[in-house]
Structures are given as C-alpha cells and as structure tokens.
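These notes are about the structure you will find just below.
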Amino acid sequence: PEMFECHFGIPMTGGVINALNTRLDAATIAFILNHGEAEILITDREFAPTVEDALGQIGREITVIDVDDPEYGGGGARLGETTYEDFIAGGDPAYAGREPDDEWDAIALNYTSGTTGNPKGVVYSHRGGYIGAIGNPVTWSMPQHPVYLWTLPMFHCNGWTFPWALPAVAGTSVCLRNVSAAGIFAAIAEEGVTHFCGAPVVLNLVINASGDERRPLPHTVEIMTAAAPPPPAVLERIEAMGFRVTHVYGLTEVYGPATICAWRPEWDALEPQERARVKSRQGVRYPVEEGLMVADPETMAPVPKDGATMGEVFFRGNLVMKGYLKNAAATDEAFRGGWFHSGDLGVWHPDGYIELRDRSKDII
23 PEMFECHFGI PMTGGVINAL NTRLDAATIA FILNHGEAEI LITDREFAPT VEDALGQIGR
83 EITVIDVDDP EYGGGGARLG ETTYEDFIAG GDPAYAGREP DDEWDAIALN YTSGTTGNPK
143 GVVYSHRGGY IGAIGNPVTW SMPQHPVYLW TLPMFHCNGW TFPWALPAVA GTSVCLRNVS
203 AAGIFAAIAE EGVTHFCGAP VVLNLVINAS GDERRPLPHT VEIMTAAAPP PPAVLERIEA
263 MGFRVTHVYG LTEVYGPATI CAWRPEWDAL EPQERARVKS RQGVRYPVEE GLMVADPETM
323 APVPKDGATM GEVFFRGNLV MKGYLKNAAA TDEAFRGGWF HSGDLGVWHP DGYIELRDRS
383 KDII
C-alpha cells in the first residue's frame with residue numbers, strides 16, 4: 023500500500039518516484055541511489071540488511087523513512103529516524119498538491135536490468151504516465167469498479183502504470199506482501215478480485231496450486247501477462263479453470279505494455295492448441311501509441327507483412343520514455359531514425375500482428 027500511495031504523493035510534491043526492485047543487490051541499489059541523486063529513501067524493514075549495506079556504499083547521507091508493516095513478522099532493523107505512518111501523520115491534511123509546470127516534466131525514474139554494465143535510468147514524463155494509465159483500461163476493456171490484485175510488482179515500469187490507471191476506473195487495489203497460489207485464490211474468493219497481471223511464472227503458480235490452495239472462482243478472472251509468451255499448455259489449462267488471459271508486450275522504455283494480442287471473435291472456433299499459438303503473438307499497438315513497426319534497423323524500411331521476414335521492433339509516440347538519465351549517447355542511439363529501437367527482433371504477419379523471434383543483442 024505504501025508504494026501505491028507514493029505513486030501519488032511523490033509526484034504531488036513535485037518529486038520523481040524511483041521504485042526499486044526489491045531483488046537487487048546492495049551494490050546495484052547504491053549505484054541507482056547515487057546515479058538518480060535520491061534524496062529520500064522509503065524502505066521496508068524486510069529489506070533492511072541489503073539496504074543498510076547499500077547506504078554504506080553511497081558515501082553521503084540521505085533521509086530514510088522506514089515502512090514498519092504490522093503484517094510483517096520477520097526481522098530487520100529500522101534504518102531511519104521516522105516511520106512511514108508517523109511521517110504521513112505529520113503532514114498537512116489540507117495540502118492540495120503541486121501541479122507539474124509542464125506535462126513533459128519527469129514523474130518517474132526506472133532502471134533497466136539484465137544487460138551488461140550499469141543499469142540505465144529510464145525517465146518517464148507526466149504525459150506518458152497519463153497516456154499509459156488511460157491506455158491500459160481502454161485496451162484491456164477494463165470496466166468501472168474493477169478489483170485489481172497486485173501480483174505484479176510496482177517496481178516493474180511503475181506497475182505498468184496501473185497505480186495511475188485504477189483510480190481512473192474507480193478500481194480497488196488488493197495488495198499482497200508475498201505472491202502465492204493460496205493468496206491469489208483467497209483474494210479472488212474473499213475480496214472479489216476481477217483482474218491481475220503477471221509473467222507466465224504467475225500463471226504456472228495458479229495452475230499448479232494444490233487442492234488445499236484452490237478456491238472455486240465466483241466469476242471469470244482476467245489476467246494480463248507479458249514477458250515470455252505463455253506456452254499453449256499453460257494457456258489451455260488456466261483458461262479451463264475460469265481465467266481469461268490477455269497477452270501483451272512492451273519494455274521499460276515504453277511504460278510497460280505497448281502492444282496487445284487483441285482477440286478476434288473468429289479465433290474462438292480454433293482448436294485449443296491453435297488458439298494458444300495465435301494468442302502467443304505480441305500483437306498490435308496500443309491505441310495510445312502513435313507508431314509500431316517491424317523494420318530493417320539500418321535502413322528503417324518496414325519489412326513485408328509476410329510473417330517470415332525478420333526485422334527489429336520499433337515504437338514511436340507519447341508512450342515512449344523521455345530518454346536515459348545522464349546518458350545522451352545512449353538516448354540518441356535508442357532514437358536513431360526518429361523511432362525507439364526495442365532491440366527485439368520479430369516478424370510482421372499479414373493481419374498486422376507482430377511476433378517476436380529473437381533479441382538483437384544478448385541478455386546476460
């Protein structure tokens with residue numbers, strides 16, 4: 023809940039939120055704190071040992087605010103002079119918030135991971151956050167008053183902008199300290215969860231739940247999944263349980279999801295294996311994204327829509343980052359030719375849907 027609140031409270035003060043991956047090691051956290059010039063760190067007691075190590079490496083003092091969650095029963099020292107709840111209690115209830123001076127002002131900073139070298143800081147704008155927040159419920163056909171379960175970490179592209187999307191549709195957020203099959207089924211049964219997001223590993227968690235962990239589904243539950251395409255066997259099994267899966271694709275640099283395998287009614291008649299194969303494609307652009315193409319990265323010429331000719335996936339529009347923090351060279355290279363270079367290779371099918379086949383550079 024604290025991170026969800028910070029997605030509003032920090033921008034309302036004119037600040038920039040930098041949500042950190044809780045799985046990072048101390049050295050990487052220290053690099054990010056210094057590179058992003060963090061002034062305040064809000065940290066949960068559960069991660070105190072790693073965070074304390076990181077603070078010892080940055081060579082300067084920053085304000086630390088501790089989250090002391092009563093639901094957390096483990097160890098971990100307080101590292102700051104105040105807790106989150108005490109800090110909030112000391113605020114001004116009449117504070118109206120500060121509007122950004124310009125819609126292109128930064129709202130968030132997210133660091134890439136997985137490639138060689140130090141992570142790059144991806145800068146999001148207020149406009150991009152707004153566009154993403156509107157795009158998700160529109161693209162997913164999310165109705166008013168959804169009940170959304172946070173199986174997706176909010177440090178992944180600001181939770182794919184869903185912290186800002188849910189209030190737009192009067193949604194309810196249900197938070198978990200730890201993601202488990204039992205927790206997911208309990209939240210659906212007891213809180214009326216209608217939607218959640220996650221990688222295929224979350225889908226596997228659900229379909230492999232034990233009999234004791236499972237609960238009958240009171241309604242169809244919508245799942246948005248990204249990262250690796252879910253295998254046909256996984257899709258077939260989870261949809262047989264009463265879940266409906268939507269496959270999306272994106273990157274940190276495009277605010278999370280930016281394409282969707284938009285479902286067509288005629289595909290309902292396909293055999294399960296073929297239906298799953300079709301759904302595993304990355305799809306078409308979000309309606310709030312200006313441009314998507316598969317093209318030759320050298321000539322920038324779009325490849326034929328033949329489902330066979332390989333090219334790189336490119337994005338363009340307001341749902342693309344401002345750039346990489348303090349890295350003009352990388353920013354210029356990423357936007358060479360006026361499009362954002364994703365680094366992902368794929369094909370363009372005759373129906374306009376893209377399908378990934380490889381990466382243009384290895385991920386370590």
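According to my numbering, the stretch in the sequence shown is residues 23 to 386, in order.
From the three backbone atoms N, C-alpha and C, an ideal C-beta is built for every residue, glycine too.
Check: In this structure, what does DSSP give as the bridge partners for I282?
Finding: V270, V306
Next item on the list: Quickly, what does DSSP pair P197 with across the bridge? List them, please.
Entry: Looking at the sequence provided, one finds Cys at residue 197 rather than Pro. W172.
Next item on the list: Grab me the residues of F336's own chain with a C-beta within less than 6 Å of its C-beta, minus the 5 sequence neighbours each way, in chain order.
Entry: M315, A317, W361
Check: Where does G313 land, buried or exposed, given buried means 16+ other C-beta within 10 angstroms?
Finding: exposed
Margin query: On the DSSP bridge list, what partners appear for S147?
Written below: A128
Next item on the list: Less than 8 Å between the CB atoms is what I'm expecting for I282 and T85, so what's the real figure, rounded?
Entry: At roughly 40 Å, the Cβ-Cβ gap does not stay under 8 Å, so I282 and T85 are not in contact.
Margin query: So, with DSSP's three-state summary, where would you put R45?
Written below: coil
Next item on the list: Identify whether L225 lies in helix, strand or coil by the three-state DSSP scheme.
Entry: helix
Notebook entry, point to check: Tell me which same chain residues have a C-beta within less than 6 Å of the C-beta of G98, skipping the five on either side of it?
Noted result: R67, E68, A70
Note to self: Here's the rule: buried if 16 or more other CB atoms are within 10 angstroms of the residue's CB, otherwise exposed. What is D380?
What the structure shows: exposed
Notebook entry, point to check: Alpha carbon to alpha carbon, how far is R338 from V306?
Noted result: 13 Å
Check: Relative to the alpha-carbon of K301, which residue among V223, V256, K327 has its alpha-carbon at the smallest distance?
Finding: V256
Next item on the list: Inspect the CB distances between the segment 166-179 and the segment 261-280 and report whether three or more fall short of 8 Å.
Entry: yes
Check: In angstroms, rounded to a whole number, what distance separates the CA positions of P240 and I210?
Finding: 8 Å
Notebook entry, point to check: Would a C-beta distance cut-off of 8 Å place G205 and L131 closer than the cut-off?
Noted result: no
Margin query: Using only the alpha-carbon positions, how far apart do A48 and D91 sit?
Written below: 22 Å
Note to self: With a threshold of 8 Å on Cβ separation, who are the neighbours of D146 within its own chain once the five nearest residues in sequence on each side are excluded?
What the structure shows: The residue you asked about is not Asp; residue 146 is Tyr in the sequence shown. Here the set comprises A128, I129, A130, L131, N132, N180, Y277, M343, K344.
Item checked: Presumed contact (8 Å Cβ cut-off) between H269 and T247, rounded CB distance -> 6 Å
Checklist line | Beta-bridge partners of E377, as assigned by DSSP | finding: V369
Next item on the list: Report yes or no: do three or more beta-carbon pairs, one from the segment 34-53 and one from the segment 107-115, lie closer than 8 Å?
Entry: no
Note to self: Rounded to whole angstroms, what is the Cα-Cα separation between I386 and C197?
What the structure shows: Confidence in I386 is poor, its pLDDT being 28 and thus under 50, which makes the residue's placement too unreliable to answer from.
Next item on the list: Work out the CA separation of E24 and P185 for me, nearest whole Å.
Entry: 12 Å
Margin query: Which residues does DSSP list as the beta-bridge partners of T104?
Written below: I87
Notebook entry, point to check: What are the boundary residues of the beta strand (DSSP E) that includes V316?
Noted result: 313-317
Notebook entry, point to check: Per DSSP, V73 forms a beta bridge with which residues?
Noted result: According to DSSP, which records beta bridges pairwise, V73 is partnered with nothing at all.
Notebook entry, point to check: What's the gap between the Cα of P18 and the Cα of F218?
Noted result: Any question about residue 18 goes unanswered here, given that the chain covers just 23 to 386.
Note to self: Let me make sure I understand the geometry here. Which of A76, A298, A284 has the alpha-carbon closest to that of I51?
What the structure shows: A76
Note to self: Less than 8 Å between C-beta atoms, sequence neighbours within five positions excluded: which residues of the same chain meet that for K348?
What the structure shows: H57, G143
Notebook entry, point to check: Skipping 5 residues on each side, what residues in its chain have a beta carbon closer than 6 Å to that of A231?
Noted result: A203
Margin query: Residues in the same chain with beta-carbon distance under 7 Å from E355, minus the five sequence neighbours each way, listed in chain order, please.
Written below: none
Next item on the list: Would you kindly report the start and end of the unbroken beta strand (DSSP E) that includes G220?
Entry: 217-220
Check: Who are the near neighbours of V201 in its chain, counting only those whose CB is closer than 6 Å to its CB and skipping five residues on each side?
Finding: T173
Check: Are the beta-carbon atoms belonging to T104 and I87 less than 8 Å from one another?
Finding: yes
Check: Since D354 is in the alpha helix (DSSP H), which residue starts that stretch and which ends it?
Finding: 350-356
Check: DSSP on M25, reduced to helix/strand/coil?
Finding: helix
Next item on the list: Would you kindly work out how many angstroms separate the C-alpha atoms of D384 and S135, rounded to a whole number?
Entry: Bear in mind that a pLDDT of 44 at D384, under 50, signals an unreliable position, so the number given afterwards is only what the model happens to contain. Approximately 13 Å, taken between the alpha carbons.
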